[in-house]
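*Asks:* Next up is a structure, given as structure tokens.
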Amino acid sequence: MEATRILMDEHRVIERVLGALEGAAARMSAGASVRAEFFLRAVDFIAAFADGCHHRKEEGVLFPALEAAGIPRAGGPIGVMLAEHEEGRAITRGLRAAAEKMAAGDASAAAEVRRKGLEYAALLRQHIMKEDNILFPMADGAIQGRELVAVTAEFARLQREETADGVQAKYRALAETLEREARG
Numbered sequence: 211m212e213a214t215r216i217l218m219d220e221h222r223v224i225e226r227v228l229g230a231l232e233g234a235a236a237r238m239s240a241g242a243s244v245r246a247e248f249f250l251r252a253v254d255f256i257a258a259f260a261d262g263c264h265h266r267k268e269e270g271v272l273f274p275a276l277e278a279a280g281i282p283r284a285g286g287p288i289g290v291m292l293a294e295h296e297e298g299r300a301i302t303r304g305l306r307a308a309a310e311k312m313a314a315g316d317a318s319a320a321a322e323v324r325r326k327g328l329e330y331a332a333l334l335r336q337h338i339m340k341e342d343n344i345l346f347p348m349a350d351g352a353i354q355g356r357e358l359v360a361v362t363a364e365f366a367r368l369q370r371e372e373t374a375d376g377v378q379a380k381y382r383a384l385a386e387t388l389e390r391e392a393r394g
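For reference, each letter of the sequence shown is one residue, going 211 to 394 in the numbering used here.
Pasting the structure below:
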């Protein structure tokens, strides 16, 4: 299904930023300095691309279509994914707060920035694995007929909107920038 292909492509972009967060954390553990701005830009990516683009498609289009196809939200994979989205948002808020303290000169916030960055990366890596290997194949089999046509059309509309607004290009470029900066 085109919708799950788009989501998996976005996962690859998100994984680039997860690698950058892990790389920056490793550099910090080795005693290198990483600018607070790096983490603030990573939070911008997470909020605008991972949450604003990617999760918007999942929560607004794919998950309702799965429910319409008979996959329950409560006690099922949709409920787990939604809970993990919320957990990621909470970690991101903590990462932003710690990075802002670090940017304001609070050197003690660096440990929290490092911890929150690694916590987010760990959560998202296992989340992506579950979606790619369990939820998306389930969606590919369950969403059929009119619902498939509707999901495909809505994903196409959202992709056009994100492309016209420059959001996709901006955050794909930011992922590359963060990767380079994380390497030092």
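All residues carry an ideal CB built from backbone N, CA and C; glycine is no exception. Quick caveat, the model's predicted, so the values are computed rather than measured.
Taking DSSP as the reference, what is the three-state secondary structure of residue 375?
*Replies:* If you number the sequence shown from 1, residue 375 lands on position 165. Looking at residue 375 - three-state DSSP - the assignment turns out to be coil, as it is neither helix nor strand.
*Asks:* In whole angstroms, give me the CA-to-CA distance for residue 277 and residue 283.
*Replies:* Looking up residue 277 in the sequence shown gives position 67. Looking up residue 283 in the sequence shown gives position 73. Their backbone Cα atoms lie some 7 Å apart in a straight line.
*Asks:* Take residue 275 and list the residues in its own chain whose beta-carbon comes closer than 6 Å to its own, dropping the five residues that flank it on each side.
*Replies:* Indexing the sequence shown from 1 puts residue 275 at position 65. These residues qualify, in order along the chain: 353, 357, 361.
*Asks:* CB residue 388 to CB residue 259, shorter than 8 Å?
*Replies:* Counting from 1 along the sequence shown, the entry for residue 388 is found at position 178. Counting from 1 along the sequence shown, the entry for residue 259 is found at position 49. No, these two residues do not count as a Cβ contact at 8 Å.
*Asks:* In the DSSP assignment, find the unbroken alpha helix (DSSP H) run with residue 218 in it and report its ends.
*Replies:* Locating residue 218 in the sequence shown gives position 8, where the first residue counts as 1. Its alpha helix (DSSP H) spans residues 212-239.
*Asks:* Under a three-way DSSP split, which group does residue 299 fall into?
*Replies:* Stepping through the sequence shown from its first residue, residue 299 is reached at position 89. Helix, per DSSP.
*Asks:* For the alpha helix (DSSP H) that residue 353 lies in, which residues bound it at each end?
*Replies:* The sequence position of residue 353 within the sequence shown is 143, counting from 1. Segment: none, residue 353 is in no alpha helix (DSSP H) and carries neither H nor E.
*Asks:* Is residue 300 closer than 8 Å to residue 311 when the C-beta atoms are compared?
*Replies:* In the sequence shown, residue 311 corresponds to position 101, counting from 1. In the sequence shown, residue 300 corresponds to position 90, counting from 1. For residue 311 and residue 300, no; Cβs fall outside 8 Å.
*Asks:* Please work out which residues of its chain come closer than 6 Å, Cβ to Cβ, to residue 221, disregarding the five sequence neighbours upstream and downstream, and give them in chain order.
*Replies:* Translated into positions along the sequence shown, residue 221 becomes position 11. Same-chain partners within the cutoff: 338.
*Asks:* Exposed or buried, what is residue 256 when buried is set at 16 or more other beta-carbons lying within 10 Å of its beta-carbon?
*Replies:* Start at 1 with the first residue of the sequence shown, and residue 256 comes out as number 46. By the neighbour-count rule (16 or more Cβ atoms within 10 Å), residue 256 is buried.
*Asks:* Along the chain, where does the alpha helix (DSSP H) containing residue 268 start, and where does it finish?
*Replies:* As a working mapping, residue 268 is identified with position 58 in the sequence shown. Run containing residue 268: none; DSSP gives neither H nor E here.
*Asks:* Within a Cβ cutoff of 6 Å, which residues of the same chain sit near residue 295, ignoring the five residues on either side of it in sequence?
*Replies:* Counting from one through the sequence shown, the residue named residue 295 turns up at place 85. Closer than 6 Å at Cβ, skipping near neighbours: 265.
*Asks:* Would residue 289 be called buried (16 or more neighbouring beta carbons within 10 Å of its own) or exposed?
*Replies:* Position 79 of the sequence shown holds residue 289. Its Cβ having fewer than 16 others within 10 Å, residue 289 is exposed.
*Asks:* In the DSSP assignment, find the alpha helix (DSSP H) that holds residue 244 and state where it starts and stops.
*Replies:* By 1-based counting over the sequence shown, the position of residue 244 is 34. Unbroken run through residue 244: none, as it is neither H nor E.
*Asks:* Could you spell out the range, first to last residue, of the alpha helix (DSSP H) harbouring residue 334?
*Replies:* The residue labelled residue 334 in the question sits at position 124 within the sequence shown. Element bounds for residue 334: 319-340.
*Asks:* Rounded to the nearest angstrom, what separates residue 238 and residue 324 at their Cα positions?
*Replies:* Along the sequence shown, read from residue 1 onward, the residue named residue 238 stands at position 28. Along the sequence shown, read from residue 1 onward, the residue named residue 324 stands at position 114. Computed Cα separation, rounded: 7 Å.
*Asks:* Would residue 385 and residue 251 qualify as a contact pair, given that the criterion is a beta-carbon distance under 8 Å?
*Replies:* For the purposes of this step, residue 385 is taken as the residue at position 175 of the sequence shown. For the purposes of this step, residue 251 is taken as the residue at position 41 of the sequence shown. No, the Cβ-Cβ distance between residue 385 and residue 251 is not below 8 Å.
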